[in-house]
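What follows is one structure encoded as structure tokens, with my remarks underneath.
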Amino acid sequence: MNVAYWQGDLYHLPDQAQTWYLLICTAQGRTIHEAIAPQADINAAWLATQLAKISTPGPETIQVFRPQILGLWQAATQDLAYTVEPTRRTDALKLLLSQRWSNAAVEIQSAPPQPLPDELWGRHWQLGSIAAQDLEIWRDRPIPIREIPLINDPVRVGLSSQQTIPGVVINGDRRAMQLARWLQGVQPFSINYIPTEVDRSGGLVLEAGLSDRWILATFEDAEMATAAAQYPAHCQAAGGLHFLLVQPDDSGITYSGFWLLRQLYTM
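Under my numbering, the first residue of the sequence shown is numbered 403, with each subsequent residue one higher.
Shown next, in the form of structure tokens:
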């Protein structure tokens, strides 16, 4: 049976730099193909040969989360009937890797977060929340840029309709649409709270693309620090779901962008 996509990884084993492991699975976590080889054998031709061995009818797309080997996958599939999609949303693959080896098998080294371009800073921001049952409202509202992936659907995540989903709301004023377009370009994945001084200051970091990090907001306010410190627990209670909303103002009439995000906490 064809599925929308597979997920694949090829990288050395944790603490074994000379031994590489290939794993391809479905979005539901069923293993399609796996192989182990010495590092000396690893190249695009080897990967293409492994892909050619797969007899299971498959999709056109293979999702890859690791930036270090993205080029290798693209080269290996150049003459095959596959398209490589770079994305962090490979929960099934990451779960299999962490179960078979360790959490280290899915860790990605990221650079320090970078500040948003000056011309994109919103007028102000705040923490917010919506009930899971109200998410359908956001599917129907006229929002120019909207991303609510099926994989992040609250029902699929196992949330009750009354569960609160936390999020970040940015009022961008005249820059709202420009900020929303920029965010869409960098591919938001999750928003994490980073304290700089406990109970006094901190910031929100946007994880985007395969390994990019952006400083979404900073604050030096005890009340805000207290609220932000509870944000990770609220996300975890919602199965990792959270949202990012960009709007020109708080009138509740016009919106520029909405993203339903998820941080996987099961690894």
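Ideal Cβ placement from N, Cα and C applies to all residues, glycine included. Because the structure is a prediction, the values reported are computed rather than measured.
For the putative contact between residue i and residue j, defined by C-beta atoms under 8 angstroms, what is the C-beta separation to the nearest angstrom?
| i | j | result |
| --- | --- | --- |
| Thr598 | Gly605 | 7 angstroms |
| Trp527 | Ile572 | 5 angstroms |
| Arg491 | Ile434 | Not a contact, Cβ separation roughly 18 angstroms. |
| Leu647 | Phe660 | 5 angstroms |
| Thr656 | Gln649 | 6 angstroms |
Where does the unbroken alpha helix (DSSP H) through residue i begin, and where does it stop?
| i | result |
| --- | --- |
| Thr451 | Ala446 to Ala454 |
| Asp542 | Leu537 to Asp542 |
| Ala624 | Ala624 to Ala639 |
| Leu581 | Ala578 to Val588 |
| Val571 | Unbroken run through Val571 is the beta strand (DSSP E), Thr566 to Asn573; no alpha helix (DSSP H). |
| Val557 | Pro556 to Val559 |
From which residue to which residue does the beta strand (DSSP E) around residue i run?
| i | result |
| --- | --- |
| Arg548 | Ile547 to Glu549 |
| Ser661 | Per the sequence presented here, residue 661 reads as Trp, with Ser not at that position. Taken as a continuous stretch (DSSP letters only), the beta strand (DSSP E) holding Trp661 covers Gly659 to Arg664. |
| Asp722 | Because the chain here runs from 403 to 669, residue 722 falls outside it and cannot be looked at. |
| Leu606 | Ser603 to Ala610 |
| Leu643 | Leu643 to Gln649 |
| Leu440 | With the sequence shown as reference, residue 440 is identified as Pro, and Leu is not the correct amino acid for it. Counting along the chain, the beta strand (DSSP E) containing Pro440 begins and ends at Thr433 to Pro440. |
| Leu529 | His526 to Ala533 |
| Leu425 | Gln418 to Thr428 |
Quick one: residues in its chain with C-beta nearer than 6 angstroms to the C-beta of residue i, no 5 flanking neighbours on either side, listed in chain order?
| i | result |
| --- | --- |
| Gln370 | A question about residue 370 goes unanswered here, because the residues of the chain that appear run from 403 up to 669. |
| Pro517 | Ile617 |
For residue i, which residues from the same chain have a beta carbon less than 8 angstroms from its beta carbon, with the 5 sequence-adjacent residues on both sides left out?
| i | result |
| --- | --- |
| Pro519 | Trp584 |
| Ala494 | Gln409, Cys427, Thr428, Ala429, Gln430 and Gly431 |
| Met403 | Reliability fails at Met403, whose pLDDT of 38 lies under 50, so the model's placement of it is uncertain and the value that follows must be treated cautiously. Excluding sequence neighbours, Met403 sits near Pro459. |
| Ser531 | Thr566, Ile567, Pro568, Gly569 and His636 |
| Gln470 | Tyr413 |
| Glu697 | There is no way to answer for residue 697, as the model of the chain reaches only from 403 to 669. |
| Gln452 | Leu424, His435 and Ala437 |
Going along the chain, which residues of its own chain have a beta-carbon closer than 7 angstroms to the beta-carbon of residue i, five neighbours each way excluded?
| i | result |
| --- | --- |
| Ala507 | Pro416, Leu499 and Ser500 |
| Thr489 | Gln465 and Phe467 |
| Met669 | Confidence in Met669 is poor, its pLDDT being 39 and thus under 50, which makes the residue's placement unreliable; the coordinate value appears in the next sentence. Answer for Met669: Lys496, Leu497, Ser500, Asn505 and Val508, listed in chain order. |
| Pro515 | Val607, Arg615, Trp616 and Ile617 |
| Ser613 | Pro469, Ile510 and Ser512 |
| Ile596 | Gly604, Gly605 and Val607 |
| Ser653 | none |
Can you list the beta strand (DSSP E) stretches of 3 or more residues lying completely in the segment 466-504, in chain order? 485-488
Using 8 angstroms as the Cβ pair cut-off and three pairs as the minimum, do the segment 468-483 and the segment 565-577 touch? no
Does the pairing of the segment 483-497 with the segment 555-565 give three or more beta-carbon distances under 8 angstroms? no
Would the segment 517-525 count as touching the segment 611-621 if we require 3 or more Cβ pairs under 8 angstroms? yes
The segment 622-631 touching the segment 539-558, judged by at least three CB pairs closer than 8 angstroms: no
With three or more C-beta pairs closer than 8 angstroms as the rule, is the segment 530-542 touching the segment 588-597? no
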